[in-house]
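Engineer: Mind looking over this structure? Questions follow.
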Amino acid sequence: MPRQNFVGIVVSQGKMQKTIKVRVQQGEFNKLINKRLLGRKDYLVHDEGEICREGDMVRIEATRPLSRHKSFAVADILKNKGQQYAQFQRDAKTIVAQEEAAKTREFLEKRGEYNSNVVNKSGMINDMLFLDKVSSNPEASAEDLQKQSDLMKKYNLSSWPTTKMFDLDVQVLRAQIQKVQEQVEQHDENNSKVSDKVSEILGDEGKLTAIFEKLGRGNPDKLKANVRKNLVRKYVINELGL
3 MPRQNFVGIV VSQGKMQKTI KVRVQQGEFN KLINKRLLGR KDYLVHDEGE
53 ICREGDMVRI EATRPLSRHK SFAVADILKN KGQQYAQFQR DAKTIVAQEE
103 AAKTREFLEK RGEYNSNVVN KSGMINDMLF LDKVSSNPEA SAEDLQKQSD
153 LMKKYNLSSW PTTKMFDLDV QVLRAQIQKV QEQVEQHDEN NSKVSDKVSE
203 ILGDEGKLTA IFEKLGRGNP DKLKANVRKN LVRKYVINEL GL
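In the numbering used here, the protein residues as written are 3 to 244.
Right, dumping it as structure tokens:
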């Protein structure tokens, strides 16, 4: 006589020795509605090798009663998704540790680079302060004057105090401001053109219907007002090439 077989998913393991809980989806006839419905039933199943994990798809087979509530045993593991997940959980700690170590190294490298830049900038500031100090001291020593000369060669300075490092080309700055102002004015003008054109189209039902037919959007009355306006605005922008 063939043994009763079911296929189900392991939903619990490890709470009892050599015992897992398997959830099986079965068809049950409902007399109230006279139809067969899918239902779920949990079985306590014997797992001799304790190799099943939560998430595994297994085939269970009826056996002699092993306890009051356990009369099935694992016959086959069809899909070991639960074991793969358990392996992932074991590997996750190592992966996370490696990622954290890589991020730490990257942070330390960036901090070292930043500190190096700060030191270089601080050195330049100190050099400028030294030049200012020597130039304002008529009794500076020969050693300080020599260092002053070396620093001026280093920074390609012909005299001190100098305005070379802080001068702004006013004409260039004025031209840039004028260019930005023209761009803003052009943008405002384009917006005004688009708004006027959109209002004109929305107020003319014939034009609006023709545009929507051209766009393949059907009857504009079926769309909300804000949607109609956005579609017309996109159409106008494309037509004007803005």
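All residues carry an ideal CB built from backbone N, CA and C; glycine is no exception.
For clarity, every value in this text was computed on a predicted model and none was experimentally measured.
If we require 4 or more residues per run, which alpha helix (DSSP H) segments fall completely within the region 134-158?
Structural biologist: 144-156, all fully within the region 134-158.
Engineer: Looking at C-alpha atoms only, which residue of Leu233, Ser201 and Val200 is the closest neighbour of Glu215?
Structural biologist: Along the sequence shown, read from residue 1 onward, the residue named residue 215 stands at position 213. Answer by Cα proximity: Leu233.
Engineer: Quick check on the DSSP output: what are the complete beta strand (DSSP E) runs of length 3 or more inside the region 4-80, in order along the chain?
Structural biologist: For the region 4-80, whole beta strand (DSSP E) runs of length 3 or above, ordered along the chain, are 7-18, 21-32, 37-48 and 59-64.
Engineer: Can you tell me whether Leu170 is helix, strand or coil according to DSSP?
Structural biologist: Numbered from its first residue, the sequence shown carries residue 170 at position 168. Its pLDDT being 49, under 50, Leu170 is placed unreliably in this model, and the value from its coordinates should be taken loosely. Of the three classes helix, strand and coil, the one that applies to Leu170 here is coil, per DSSP.
Engineer: I'd like the list of long-range same chain contacts for Val13, defined as Cβ closer than 6 Å, with 5 residues on each side in sequence excluded.
Structural biologist: The count along the sequence shown starts at 1 and reaches residue 13 at position 11. Around Val13: Lys23 and Arg25.
Engineer: Which of the three DSSP states is assigned to Arg219 in this structure?
Structural biologist: Counting from one through the sequence shown, the residue named residue 219 turns up at place 217. Three-state result, Arg219: coil.
Engineer: If we ignore side chains and look at the alpha-carbon of each, how far apart do Gly220 and Lys226 end up?
Structural biologist: By 1-based counting over the sequence shown, the position of residue 220 is 218. By 1-based counting over the sequence shown, the position of residue 226 is 224. Each residue's Cα considered, the two are about 13 Å apart.
Engineer: According to DSSP, is Asn232 helix, strand or coil?
Structural biologist: Position 230 of the sequence shown, counting from 1, holds the residue named residue 232. Of the three classes helix, strand and coil, the one that applies to Asn232 here is helix, per DSSP.
Engineer: Gln150: buried (16+ other C-beta within 10 angstroms of its C-beta) or exposed?
Structural biologist: Locating residue 150 in the sequence shown gives position 148, counting from the first residue. Flag for Gln150 reads buried.
Engineer: Measure from the alpha carbon of Gln16 to the alpha carbon of each residue in Gln27, Gln6, Glu56 and Gly29, then state which is nearest.
Structural biologist: By 1-based counting over the sequence shown, the position of residue 16 is 14. Residue identity check: residue 16 is Gly in the sequence provided, not Gln. The candidate whose alpha carbon is nearest that of Gly16 is Glu56.
Engineer: How would you label Gly10, buried or exposed, when you count the other beta carbons within 10 angstroms and need 16 or more for buried?
Structural biologist: In the sequence shown, the residue the question calls residue 10 occupies position 8. Classification for Gly10: buried.
Engineer: Would you kindly work out how many angstroms separate the C-alpha atoms of Met18 and Glu30, rounded to a whole number?
Structural biologist: Position 16 of the sequence shown, counted from the first residue, corresponds to residue 18. Position 28 of the sequence shown, counted from the first residue, corresponds to residue 30. For Met18 and Glu30, the distance between alpha carbons rounds to 29 Å.
Engineer: When you compare the region 76-84 with the region 105-118, are there three or more beta-carbon pairs, one atom per stretch, that lie closer than 8 Å?
Structural biologist: No, the region 76-84 is not in contact with the region 105-118.
Engineer: Among Asn192, Gly208 and Glu207, which one has its Cα closest to the Cα of Asn240?
Structural biologist: As a first step, residue 240 must be located in the sequence shown, where it is residue number 238. Measuring from the Cα of Asn240, the nearest candidate turns out to be Asn192.
Engineer: Within its chain, find whatever has a CB closer than 7 Å to the CB of Glu52; leave out the 5 residues flanking it on each side and keep chain order.
Structural biologist: Reading the sequence shown from its first residue, position 50 is the one you call residue 52. Answer for Glu52: Lys20, listed in chain order.
Engineer: When you compare only the Cα positions, how much space is there between Ser137 and Asn158?
Structural biologist: Your numbering for residue 137 matches position 135 in the sequence shown. Your numbering for residue 158 matches position 156 in the sequence shown. Approximately 16 Å between the Cα atoms of the pair.
Engineer: What is the DSSP secondary structure of Asp190, reduced to helix, strand or coil?
Structural biologist: The count along the sequence shown starts at 1 and reaches residue 190 at position 188. DSSP places Asp190 in helix when its eight states are reduced to three.
Engineer: Which term fits Arg92, buried or exposed, when burial requires 16 or more other beta carbons within 10 angstroms of its beta carbon?
Structural biologist: For this step, residue 92 is matched to residue 90 along the sequence shown. Exposed is the call here.
Engineer: By a C-beta neighbour count over all protein chains shown, 10 Å radius and 16 as the cutoff for buried, is Phe90 buried or exposed?
Structural biologist: Along the sequence shown, one-based indexing puts residue 90 at 88. Exposed, by the Cβ-count rule.
Engineer: Does the separation of the CB atoms of Ile62 and Phe109 fall below 8 Å?
Structural biologist: Working through the sequence shown from its first residue, we reach residue 62 at position 60. Working through the sequence shown from its first residue, we reach residue 109 at position 107. Against a cut-off of 8 Å, the Cβ pair of Phe109 and Ile62 comes out as no contact.
Engineer: Cα separation between Val196 and His189?
Structural biologist: On the sequence shown, position 194 is the one that residue 196 refers to. On the sequence shown, position 187 is the one that residue 189 refers to. Going from the Cα of Val196 to the Cα of His189 covers about 11 Å.
Engineer: Using a Cβ-Cβ cut-off of 6 Å (strictly less than) and excluding sequence neighbours within five positions of Asp49, which residues of its own chain qualify?
Structural biologist: The count along the sequence shown starts at 1 and reaches residue 49 at position 47. Same-chain partners within the cutoff: Lys20, Ile22 and Val76.
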